[in-house]
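Quick notes on the structure that follows.
Numbering (our numbering), first residue to last: 2 to 266.
What follows is the structure, given as structure tokens:
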């Protein structure tokens, strides 16, 4: 299996603070669907920002497609790696959904090119069809519900990564995709991500708090605690009763239904 992302001895420290990331190493293989778990303040978002090139003041290596991420210009990186932050669309301005999705084509534009080609529009239409956004495409983005906006954010990333082409050497990184979403929309978002992973071979890394969703959808889980990587393996080998009680400070039971593990608090 091809290695897309290789993290080697990653260390990070916020200025004036002792907290950071401590000697983290792991590999992301092509087609992985990885969940990053841990208590609040364990380093999940910090790790995401290091591996997506937002934070550069770390020691160690972040190698993406055989290149040091510090040596890849941001425009080129954006064509192969898309990052959705947990902040979401809180400050988004009034814009129609279709026009918002077209913004995903900017990494492919020249500096002063603000026009959209026939290809740009075809890619957006493909994404609208894939995510079933037809009823929203002419609506104002910030008037939609949280779940609908989250689908549009994923759509923006797919336009950026070019859904019409092979996605097997590309990565979608999401920091807490389910914030403020109800159960229906949580399942809908993860069904979409699962479909992209299985059908398009898109590699996905996501920070997630719902451990049962990590068990159900992802093929690998990472457990962080105080900036340290505790374990990185198959979800049922990471999210054990012992680990949950030790690192999440919560009593739990693991039950098996139809040969699948579920966490019961």
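Think of the CB as a built atom: it goes at the ideal place given N, C-alpha and C, for glycine as much as any other residue. Please read these numbers as outputs of a predicted model, since none were measured by experiment.
Among the residues of its own chain, which have a CB less than 8 angstroms from the CB of residue i, if the five just before and after it don't count?
{"i": "residue 103", "result": "117, 121, 122, 125 and 160"}
{"i": "residue 4", "result": "28, 29, 30 and 31"}
{"i": "residue 242", "result": "253, 254 and 255"}
When you compare the CB positions of residue i and residue j, do they come within less than 8 angstroms of one another, or not?
{"i": "residue 208", "j": "residue 153", "result": "no"}
{"i": "residue 61", "j": "residue 10", "result": "yes"}
{"i": "residue 221", "j": "residue 233", "result": "yes"}
{"i": "residue 7", "j": "residue 59", "result": "no"}
{"i": "residue 163", "j": "residue 216", "result": "no"}
{"i": "residue 155", "j": "residue 132", "result": "yes"}
{"i": "residue 36", "j": "residue 236", "result": "yes"}
{"i": "residue 80", "j": "residue 109", "result": "yes"}
Compare the C-alpha of residue i against each of the options and name the closest.
{"i": "residue 48", "options": "253, 68 and 21", "result": "21"}
{"i": "residue 227", "options": "2, 7 and 23", "result": "23"}
{"i": "residue 84", "options": "70, 55, 63 and 69", "result": "55"}
{"i": "residue 151", "options": "164, 194 and 115", "result": "194"}
{"i": "residue 96", "options": "74, 139, 107 and 73", "result": "139"}
{"i": "residue 63", "options": "25, 218, 107 and 100", "result": "25"}
Whole-angstrom Cβ separation of residue i and residue j, contact assumed at under 8 angstroms?
{"i": "residue 172", "j": "residue 204", "result": "5 angstroms"}
{"i": "residue 82", "j": "residue 65", "result": "7 angstroms"}
{"i": "residue 158", "j": "residue 105", "result": "7 angstroms"}
{"i": "residue 168", "j": "residue 211", "result": "Their Cβ separation, rounded to whole angstroms, is 25 angstroms, which puts residue 168 and residue 211 out of contact at 8 angstroms."}
{"i": "residue 129", "j": "residue 135", "result": "6 angstroms"}
{"i": "residue 34", "j": "residue 202", "result": "10 angstroms between Cβ atoms; not a contact."}
{"i": "residue 258", "j": "residue 213", "result": "11 angstroms between Cβ atoms; not a contact."}
Which residues in the same chain have their Cβ closer than 7 angstroms to the Cβ of residue i, if we skip the five residues on either side of it in sequence?
{"i": "residue 224", "result": "38, 39, 231, 232, 239, 244 and 248"}
{"i": "residue 266", "result": "251 and 253"}
{"i": "residue 44", "result": "22, 225 and 228"}
Please list, in chain order, all residues of the same chain as residue i whose beta carbon is under 6 angstroms from its beta carbon, the five residues on each side excluded.
{"i": "residue 187", "result": "179"}
{"i": "residue 146", "result": "none"}
**Request:** With a floor of 3 residues, list each beta strand (DSSP E) that falls wholly inside the stretch 131 to 212, ordered by position along the chain.
**Result:** 172 to 176 and 204 to 208
**Message:** Restricting to runs no shorter than 4 residues, where is the alpha helix (DSSP H) found entirely within the stretch 33 to 68?
**Reply:** 45 to 52
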